[in-house]
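Participant: As you go down the protein sequences, you meet chains E and Z in turn.
According to our numbering, the first sequence is numbered sequentially starting from 1.
According to our numbering, the second sequence is numbered sequentially starting from 127.
Glycine included, every Cβ here is placed at the ideal spot set by N, Cα and C.
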Amino acid sequence: MNKPLKVMLVDDQKMANFINKKLIEVTDFAHNIVDYTLPEAALLDVEAQKPDIIFLDLNMPIIDGWTFLDNLQENKNSTQVVIVTSSTSSIDKEKAQNYTQVVDFLIKPLNRNTILSLKNKLKTAS
Amino acid sequence: MNLAGAKYRITYEAFSKFSGSLGKVDSIEMLGEITNRHLKYLFNFRAFRILLLDKDSISGYTFSKGKIYAHNNSENILDYEKELLEKHTPFSEPVKPDSLPEYLSELDLQNGVLWGWYISYPDYRICVSLLSDDNVKFNHTDSDIMHMLVDSITSKYRQICLSEELKCKNETLQDAIAQIELKNREIEAINSNQQNVINNRTEELLNKNKKLLDLSRLNSHNLREPLTRILGLIEVADHLDNSELKETMLPEIKISALELDTIFRKVVQQSEEEAKITINKDGGYE
Chain E
1 MNKPLKVMLV DDQKMANFIN KKLIEVTDFA HNIVDYTLPE AALLDVEAQK
51 PDIIFLDLNM PIIDGWTFLD NLQENKNSTQ VVIVTSSTSS IDKEKAQNYT
101 QVVDFLIKPL NRNTILSLKN KLKTAS
Chain Z
127 MNLAGAKYRI TYEAFSKFSG SLGKVDSIEM LGEITNRHLK YLFNFRAFRI
177 LLLDKDSISG YTFSKGKIYA HNNSENILDY EKELLEKHTP FSEPVKPDSL
227 PEYLSELDLQ NGVLWGWYIS YPDYRICVSL LSDDNVKFNH TDSDIMHMLV
277 DSITSKYRQI CLSEELKCKN ETLQDAIAQI ELKNREIEAI NSNQQNVINN
327 RTEELLNKNK KLLDLSRLNS HNLREPLTRI LGLIEVADHL DNSELKETML
377 PEIKISALEL DTIFRKVVQQ SEEEAKITIN KDGGYE
């Protein structure tokens, strides 16, 4: 069996984290979920939490998703990141390809199927 | 025989010197001076006068007692010259005192004789006249050398006139070239101005496009974000119990829907403002 995952959710919208948490639970994607509405707090905790994967929103005040990724790179933290955004703009998707630790680019709303595909994707990759 | 030969040789040498000096002549004044300097070595005379006429100008010199009198208008044509121009007949006759201009009246001639010739060239008509007297006799045999002199003066005179005409045309040409250069610079200035307008306009368009792109990106997120919350909630609704549905889901859907409404209004307003700015700018350009 797969080893159980630990997921970190970073989204300034509390409700978005709530929804994604539910979906992760019902798809049995991970056993351990920590959620943050303040990206700066998530950055401070990421070394201690050691999540296997981070669900990252792009449009956030003060520290947006890109700054968050830059910060991870500066700290040589290569935790896998899944971008979860409400933007359908292709510019963001292209930009995401510049970050090697970004393993997927998902457009909200997530549903069971998107989570399950991600699960499969990660399984075949590892 | 010997004497004639010697005279011929001396005259020939004098004429060679004269021809050599002519080479350096580059003005009507200098032509008079050089002729005056050499004339006395070529033949005998008390006064020598040459008048050159073309379509629209008159030039001439009178040489007497080492002095030069220059002539350049029709009032300087003497009565016997008018007759020569009309009849073309050469003559030699005793001087009538009143037929001479004032500056020749002091010559104190002894049985003075006035000689006159008319010579025609393609571009010029020439009147040549000469005064001699008992003391300074002009010989018929000297008329050959006199004709050679007139030939030389005339061709040099023609050369000077042509080169002056050329100089004048060159100046006109230079003026024209300067004008063309000026116009070219004006055209270049207009072109570069046009280029600037195009550059500014292009930059403006690029800025506008960038703004539109930013707006589209922002709208893509801002508009969809509350919507994705509503859709996400519906997605997980099956897994919520009744109290969660009532206490969490419904209020959240309401909040999200209201946010969505506010954002819609804002986007419409923004687009209208952007369009107004564009219209005003375009209007201001004309």
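Verify the CB distance criterion: does M15 (chain E) have a CB-CB separation below 8 Å to chain Z?
Facilitator: By this cut-off, M15 (chain E) is an interface position.
Participant: Does the Cβ-Cβ distance between S278 (chain Z) and L148 (chain Z) come in under 8 Å?
Facilitator: Yes.
Participant: Spatial neighbours of H273 (chain Z) within its chain, please: CB distance less than 6 Å, with the 5 preceding and 5 following residues excluded, ordered by chain position.
Facilitator: Taken in chain order, the list of residues that qualify is empty.
Participant: For E351 (chain Z), would you say it is in contact with chain E, using Cβ-to-Cβ distances shorter than 8 Å as the test?
Facilitator: Yes, contact with chain E.
Participant: Name the chain E residues that come within less than 7 Å of V362 (chain Z), Cβ to Cβ?
Facilitator: The contacting residues are I19, K22, L23.
Participant: Looking at C-alpha atoms only, which residue of Z:R172, Z:D180, Z:F390 is the closest neighbour of G192 (chain Z)?
Facilitator: Answer by Cα proximity: Z:R172.
Participant: Given a cut-off of 8 Å on the beta-carbon distance, is the pair D57 (chain E) and T27 (chain E) in contact?
Facilitator: It is not a contact, given that the beta carbons lie outside the stated cut-off.
Participant: Give the single residue among Z:K263, Z:D268, Z:L240 whose Cα lies nearest to the Cα of L257 (chain Z).
Facilitator: Minimum Cα distance to L257 (chain Z) is reached at Z:L240.
Participant: Using the three-state DSSP reduction, which class does Y134 (chain Z) fall into: helix, strand or coil?
Facilitator: Y134 (chain Z) falls in the helix class under three-state DSSP.
Participant: Is DSSP giving P220 (chain Z) helix, strand or coil here?
Facilitator: Of the three classes helix, strand and coil, the one that applies to P220 (chain Z) here is strand, per DSSP.
Participant: With H, G and I counted as helix, E and B as strand and the rest as coil, what does DSSP make of M8 (chain E)?
Facilitator: Note: M8 (chain E) maps to strand in three-state DSSP.
Participant: Cutting at 7 Å between CB atoms, please list the residues of its own chain near S346 (chain Z), excluding the five before and the five after it.
Facilitator: Answer for S346 (chain Z): no residue qualifies.
Participant: Give me the residue from Z:E297, Z:S382, Z:L341 with the minimum Cα distance to S89 (chain E).
Facilitator: Minimum Cα distance to S89 (chain E) is reached at Z:L341.
Participant: So with Cβ pairs under 8 Å, would you call T27 (chain E) a contact of chain Z?
Facilitator: No, no contact with chain Z.
Participant: Give the DSSP-derived three-state secondary structure of V180 (chain E) in the structure shown.
Facilitator: Given that chain E is displayed from residue 1 to residue 126, the structure contains no residue 180 (chain E) and the question cannot be resolved.
Participant: What are the residues in the segment 56-89 of chain E lying within 8 Å of chain Z by C-beta distance?
Facilitator: For the segment 56-89 of chain E, which is checked against every Cβ of chain Z, the residues closer than 8 Å are L58, N59, T85, S86, S87, T88, S89.
Participant: Hey, does K108 (chain E) have any beta-carbon neighbour from chain C nearer than 8 Å?
Facilitator: Given the protein chain composition of this structure (E and Z), no chain C is represented.
Participant: S346 (chain Z) touches chain E at which residues, Cβ-Cβ below 7 Å?
Facilitator: Within chain E, the residues near S346 (chain Z) are S87, T88, S89.
Participant: If you draw a straight line from the C-alpha of E412 (chain Z) to the C-alpha of I403 (chain Z), how long is it?
Facilitator: The predicted model places E412 (chain Z) with a pLDDT of 40, which falls under 50 and marks its position as unreliable; any figure quoted below should be read in that light. For E412 (chain Z) and I403 (chain Z), the distance between alpha carbons rounds to 15 Å.
Participant: For a contact meaning CB atoms closer than 7 Å, what does T354 (chain Z) contact in chain E?
Facilitator: Going along chain E in sequence order, the residues near T354 (chain Z) (Cβ under 7 Å) are S86, K108, P109.
Participant: Relative to the C-alpha of L23 (chain E), which candidate in E:A96, E:N98, E:L38, E:V7 has its C-alpha closest?
Facilitator: Checked all of E:A96, E:N98, E:L38, E:V7; the closest Cα to L23 (chain E) is E:V7.
Participant: What is the residue span of the beta strand (DSSP E) that Y195 (chain Z) lies within?
Facilitator: Its beta strand (DSSP E) spans residues 193-197.
Participant: Express the C-alpha separation of N237 (chain Z) and P124 (chain Z) in angstroms, rounding to a whole number.
Facilitator: Outside the displayed span of chain Z (127 to 412) sits residue 124 (chain Z), for which this structure offers no information.
Participant: What does F189 (chain Z) pair with, by DSSP beta-bridge criteria?
Facilitator: For F189 (chain Z), which the question treats as bridged, DSSP gives the partners Z:F174, Z:I194.
Participant: Determine the closest residue to D182 (chain Z) out of Z:R175, Z:Y250, Z:F217, with distance taken between C-alpha atoms.
Facilitator: Looking at the Cα atoms, Z:Y250 is the closest of the given residues.
Participant: Compute the Euclidean distance between the alpha carbons of S200 (chain Z) and E207 (chain Z), then round it to the nearest angstrom.
Facilitator: Rounded to the nearest angstrom, the two C-alpha atoms are 11 Å apart.
Participant: Does DSSP put N32 (chain E) in a helix, in a strand, or in coil?
Facilitator: The answer is strand: DSSP assigns N32 (chain E) an E or B state.
Participant: Hey, I271 (chain Z) and F141 (chain Z) are a contact pair by Cβ (cut 8 Å); roughly how many whole angstroms apart?
Facilitator: The Cβ separation is near 6 Å, so the contact holds.
Participant: Between the C-alpha atoms of T298 (chain Z) and L288 (chain Z), what's the straight-line distance to the nearest angstrom?
Facilitator: Spanning the two alpha carbons is a distance of roughly 15 Å.
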